[in-house]
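Student: For the sequence shown, the numbering used here gives the first residue as 1, with consecutive numbering after it. Note that beta-carbon positions come from the ideal geometry of N, C-alpha and C, so glycine has one too.
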Amino acid sequence: MYFASLRYTSPTFVSSMTNILASLTFVLAIALRLEKLDVRNPRGVAKVLGTSISLAGVMAMTLYKGSLLRNLWHPLIRIQGSTAAIHESWLKGSILAVASCISWSIFYIMQVMRHISSCFDALGQMLS
């Protein structure tokens with residue numbers, strides 16, 4: 001999904017969307033009740049604040065359209081062909097990028113759940 005989204009959107013968009021992985025994993029862990037969030041505790045406030053700042057940074061990188069940077073020298077290699085046909089469907093590429101991020105977040109959560117269960121199995125074997 002990640003490489004397909006690169007075909008339909010720009011590399012800048014996809015790389016800034018992958019920065020959402022940490023925030024998305026945290027939100028999914030809260031939704032699955034694997035992470036405790038207490039907003040009355042300073043640690044909980046720090047988690048929410050860090051997640052909010054991370055999401056704001058991703059949104060700023062994704063939505064900001066700055067000025068075009070120009071080369072000072074001529075390129076060493078010229079590639080023939082049209083580059084306009086590469087980025088043909090931004091909606092399809094955006095959906096694929098978000099789906100890729102969700103898949104990676106679920107993969108990370110599954111790895112943690114597997115690690116925790118194997119630790120309990122090893123502890124049970126040591127105690128018996």
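From MET113 to THR9, what does the alpha carbon distance come to, in whole angstroms?
Tutor: If I take the Cα positions, the gap works out to 33 Å.
Student: Is THR25 near SER105, with beta carbons less than 7 Å apart?
Tutor: Yes. Within cutoff.
Student: Can you round the beta-carbon distance between VAL27 and VAL39 to whole angstroms, since I take them to be within the 8 Å contact cut?
Tutor: 14 Å between Cβ atoms; not a contact.
Student: Look up ARG78 in the DSSP assignment and say whether it is helix, strand or coil.
Tutor: Correct three-state label for ARG78: coil.
Student: Thinking C-beta only, is SER5 closer than 7 Å to GLY93?
Tutor: Their beta carbons are under 7 Å apart, which means GLY93 touches SER5 by this criterion.
Student: When the Cα atoms are used, what is the spatial distance from VAL45 to ILE30?
Tutor: Near 14 Å, if we compare the C-alpha coordinates of ILE30 and VAL45.
Student: Between the Cα of VAL14 and the Cα atoms of TYR2, SER23, ALA22, which residue gives the shortest distance?
Tutor: Answer by Cα proximity: TYR2.
Student: In angstroms with no decimal places, state the Cα-to-Cα distance between GLU35 and ILE109.
Tutor: C-alpha separation (whole angstroms): 10 Å.
Student: Using three-state DSSP, classify TRP104 as helix, strand or coil.
Tutor: Here TRP104 sits in helix by DSSP.
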